[in-house]
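Engineer: One structure follows; several queries about it will come next.
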Amino acid sequence: MSNPDGSRADSLHQAARRNLWLHFTRMSSYADADMPVIVRGSGQYVFDDRGKRYLDGLSGLFVTQIGHGRTEVAEAGARQASELAYFPLWSYAHPRAIELAERLAGLSPGDLNRVFFTTSGSEAVESAWKLAKQYFRTIGQPGRYKVLSREIAYHGTSMGALAITGLPSIKEPFEPLPPGGVRVPNTNFYRAPEFVAGDLDAFGRWAADEIERAIVREGPESVAAVFLEPVQNSGGCFPPPPGYFDRVREICDRYGVLLVSDEVICAFGRLGHYFGSERYRYQPDIITFAKGITSGYSPLGGMLVSDRLMEPFAGGPATFLHGVTFAGHPVSAAVALANLDVFEKEDLLGNVRANEAAFSATLSKLSDLPIVGDVRGAGYFYGIELVKDKASRETFNDEESERLLRGYLSPALFEAGLVCRTDDRGDPVIQLAPPLTCTQQHFDEMEQILRGVLTSAWSRI
Ligand SMILES: Cc1ncc(COP(=O)(O)O)c(C=O)c1O
């Protein structure tokens, strides 16, 4: 729709300012400024309403694995909407949900054969906690309700998922949250405690053993599950030290606690495998997923569960008392199947594995800048930690973070044509998670934009 005295873009911006509420966004920033409006995507790039092109260095929000503008995936959704747009998974099944569940069971590690769909990652995490609680109640261990998760880790925003999340700043306005969330240290080796600094193996042993200490302290009979991402996103990509997950698995087994691998970001190729747990060779009891399963062409999430957890619900009257209307939506399930077809046809996992060293090496070139403290990650999933003093690893105070990240870096990177994420919920980091189709030319483009913007950021400190 065009307005009489201006462009369509102007009327869109006015309507956005009047009526739209953005998530996790300080809306006052847009009181006198236009919010970015992204109208179109093609491959690794998106375009705004004024026609400007941006390299999508974050796959939207860790989502668009296959890249933008894939008509075959869009058409699979459209075909499904014509055939059967909607039917619930409450007491009924539909073909695409069955086919997708079968396909995921075939791709997942070990005995994770049962799929419970949701529409999002938060719902997947929420579902996993609820299943853990009801499972233990059903098998005669009703005292187990607590969940361990890591400091600074993000596991979603619904009340249960938020109770598992380890970011105090986004929890505080919603306290009291459901009881039972317990924090353990994360695997940020760059900020390892003095007594294990410089020794990755010792650090990994310590971080895993902290999980055991927390279980013992809380009382093992009260602990239901440990929620861990293969590579922790929030805080800026913390890969697990060698042996960390083996040790965590042993600890969980020792105390009868479930290991939930929250793979909302790390599944579907982000780390070069269908599942992050496959890359690090551990066997979870539950995997939570969302985001990349459809590459964002339609929303979908879920959890993959071991046969063992399903067993108490497989016979007699026991029922998992949980569900949501749009879970496993037929259009989303059709889109997910088409998305996985693209993964196979184009060997996207192979592309990530073949290029991840080049991605890492290209980003690591930025280490010559005085503001870059650490470059870390795995696969197509990297964080760059920014510091005020490289030698001492001193970080920025709140005022500097505000001025640097929010005031300068975020808008400047976008202005320079790169979609990425600046995050100061832990120490300040820039995060990158580009589409899995990216190659050296895209890595170079990211590096060059980051180099220019970080250099001028340094001159403003
Ligand atoms: C590890 C993890 N778990 C859960 C979530 C929540 O997913 P959603 O935003 O789809 O609710 C996220 C979102 O980024 C996530 O990264």
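If you want my numbering, it's the 1-based position in the sequence shown plus 812. Backbone N, C-alpha and C fix where the C-beta goes; we use that ideal spot for every residue, glycine too.
Going by DSSP in three states, ASN1000 sits in which element: helix, strand or coil?
Structural biologist: Correct three-state label for ASN1000: coil.
Engineer: Tell me whether ALA1037 sits in a helix, a strand or coil according to DSSP, three-state version.
Structural biologist: Correct three-state label for ALA1037: strand.
Engineer: Quick check on ARG1017: does DSSP put it in helix, strand or coil?
Structural biologist: Three-state DSSP puts ARG1017 in a helix.
Engineer: What residue range does the beta strand (DSSP E) around ILE1183 cover?
Structural biologist: Looking at the DSSP string, ILE1183 is not in any beta strand (DSSP E), and its letter there is neither H nor E.
Engineer: Can you tell me whether PHE1007 is buried or exposed, with buried defined as 16 or more other CB within 10 angstroms of its CB?
Structural biologist: The residue in question, PHE1007, is exposed, as its Cβ has fewer than 16 Cβ neighbours within 10 Å.
Engineer: Would you kindly work out how many angstroms separate the C-alpha atoms of GLY1185 and ARG1205, rounded to a whole number?
Structural biologist: Answer to the nearest angstrom: the Cα atoms are 7 Å apart.
Engineer: Could you check what DSSP says for MET813 in three-state terms: helix, strand or coil?
Structural biologist: Annotation note: pLDDT 39 at MET813 (below 50); position unreliable, no value reported.
Engineer: Count the other C-beta atoms from every protein chain shown that fall within 10 angstroms of the C-beta of ALA827, then say buried if there are 16 or more, exposed otherwise.
Structural biologist: Under this definition ALA827 is an exposed residue.
Engineer: Within the continuous beta strand (DSSP E) that includes ARG926, where are the two ends?
Structural biologist: Taken as a continuous stretch (DSSP letters only), the beta strand (DSSP E) holding ARG926 covers 924-930.
Engineer: How many angstroms separate the CA atom of TYR1086 from the CA atom of LEU919?
Structural biologist: So the two alpha carbons sit approximately 7 Å from each other.
Engineer: Would TYR898 be called buried (16 or more neighbouring beta carbons within 10 Å of its own) or exposed?
Structural biologist: TYR898 is exposed by the Cβ-count criterion.
Engineer: Tell me, please, which residues DSSP counts as bridged to ASP1201.
Structural biologist: Answer is GLU1206, bridged to ASP1201.
Engineer: Taking the alpha carbon of THR1131 as the reference point, which residue from GLN877, HIS906 and THR950 has its own alpha carbon closest?
Structural biologist: When each option's Cα is compared against that of THR1131, the closest is THR950.
Engineer: Going by other Cβ atoms of all chains shown within 10 Å of its Cβ, with 16 needed for buried, is SER1274 buried or exposed?
Structural biologist: The requested residue 1274 is not part of the displayed model; the chain covers only 813 to 1273.
Engineer: What does the alpha-carbon distance come out to for the pair GLY1084 and ARG1093?
Structural biologist: Cα to Cα, the separation comes out at about 13 Å.
Engineer: Quick check on the DSSP output: the alpha helix (DSSP H) that includes ARG1279 runs from which residue to which?
Structural biologist: Shown here, the chain extends from 813 to 1273; a query on residue 1279 therefore has no answer.
Engineer: Judging by CA-CA distance, which residue of GLY1068, ILE1027 and GLY922 is the nearest neighbour of ILE1099?
Structural biologist: Ranking the options by Cα distance to ILE1099, first place goes to GLY922.
Engineer: Does the beta-carbon of PHE836 have 16 or more other beta-carbons within 10 angstroms, so that it is buried, or is it exposed?
Structural biologist: It counts as exposed.
Engineer: Taking only runs of the alpha helix (DSSP H) that begin and end inside the region 1063-1099, which ones reach a length of at least 4 residues, in chain order?
Structural biologist: For the region 1063-1099, whole alpha helix (DSSP H) runs of length 4 or above, ordered along the chain, are 1088-1091.
Engineer: Buried or exposed: where does VAL851 fall if 16 or more other Cβ atoms within 10 Å of its Cβ makes it buried?
Structural biologist: That one is exposed.
Engineer: Tell me the residue span of the alpha helix (DSSP H) that contains LEU1152.
Structural biologist: LEU1152 -> alpha helix (DSSP H) spans 1142-1157.
Engineer: Flag HIS1299 as yes when its Cβ comes closer than 7 Å to any non-hydrogen atom of ligand 1, and as no otherwise.
Structural biologist: What is shown of the chain runs 813 to 1273, which leaves residue 1299 out entirely.
Engineer: So, at 6 Å on beta carbons, what are the nonlocal neighbours of GLU1257 in its own chain, with the 5 sequence-adjacent residues on each side left out?
Structural biologist: Contacts found: LEU867.
Engineer: Taking all protein chains shown into account, decide if VAL937 is buried (16 or more other Cβ within 10 angstroms of its Cβ) or exposed.
Structural biologist: The residue in question, VAL937, is buried, as its Cβ has 16 or more Cβ neighbours within 10 Å.
Engineer: Can you check whether the CB of CYS1049 is closer than 8 Å to the CB of GLY1195?
Structural biologist: Taking 8 Å as the Cβ cut-off, GLY1195 and CYS1049 qualify as a contacting pair.
Engineer: Taking the alpha helix (DSSP H) that SER939 falls in, what are its first and last residues?
Structural biologist: Here the alpha helix (DSSP H) through SER939 covers 933-950.
Engineer: For the alpha helix (DSSP H) containing ASP860, list its first residue and its last residue.
Structural biologist: Where ASP860 is concerned, there is no enclosing alpha helix (DSSP H), although the beta strand (DSSP E) it sits in stretches over 857-860.
Engineer: Pick out whichever of ILE976, GLU1214 and PRO1240 has its Cα sitting closest to the Cα of ALA940.
Structural biologist: If we check each option's Cα against that of ALA940, ILE976 comes out closest.
Engineer: So if DSSP puts ARG962 in a beta bridge, which residue, or which two residues, is it bridged to?
Structural biologist: Beta-bridge pairing links ARG962 to VAL996.
Engineer: In this structure, how does DSSP classify ASP1239 when only helix, strand and coil are distinguished?
Structural biologist: Coil at ASP1239, not helix or strand.
Engineer: Under the criterion of a Cβ to heavy atom distance below 7 Å, does ASP1074 qualify as lining ligand 1?
Structural biologist: Because some heavy atom of ligand 1 lies under 7 Å away, the Cβ of ASP1074 counts as near it: yes.
Engineer: Please confirm if the region 867-876 is in contact with the region 1228-1241, defined as three or more CB-CB distances below 8 Å between the two stretches.
Structural biologist: With the cut-off at 8 Å, the region 867-876 and the region 1228-1241 touch.
Engineer: Contact defined as beta carbons within less than 8 Å: I believe VAL1072 pairs with PHE1039. What is the distance between those atoms, to the nearest angstrom?
Structural biologist: With 8 Å as the limit, VAL1072 and PHE1039 qualify as a contact, their Cβ atoms being about 5 Å apart.
Engineer: Check whether chain B comes within 8 Å of GLU887, counting only Cβ atoms and requiring the distance to be less than that.
Structural biologist: Absent from the structure is chain B; it holds one protein chain and no more.
Engineer: So what's PHE1193 in DSSP terms, helix, strand or just coil?
Structural biologist: Note: PHE1193 maps to strand in three-state DSSP.
Engineer: By the DSSP assignment, the beta strand (DSSP E) with SER920 in it spans what residues?
Structural biologist: Unbroken run through SER920: none, as it is neither H nor E.
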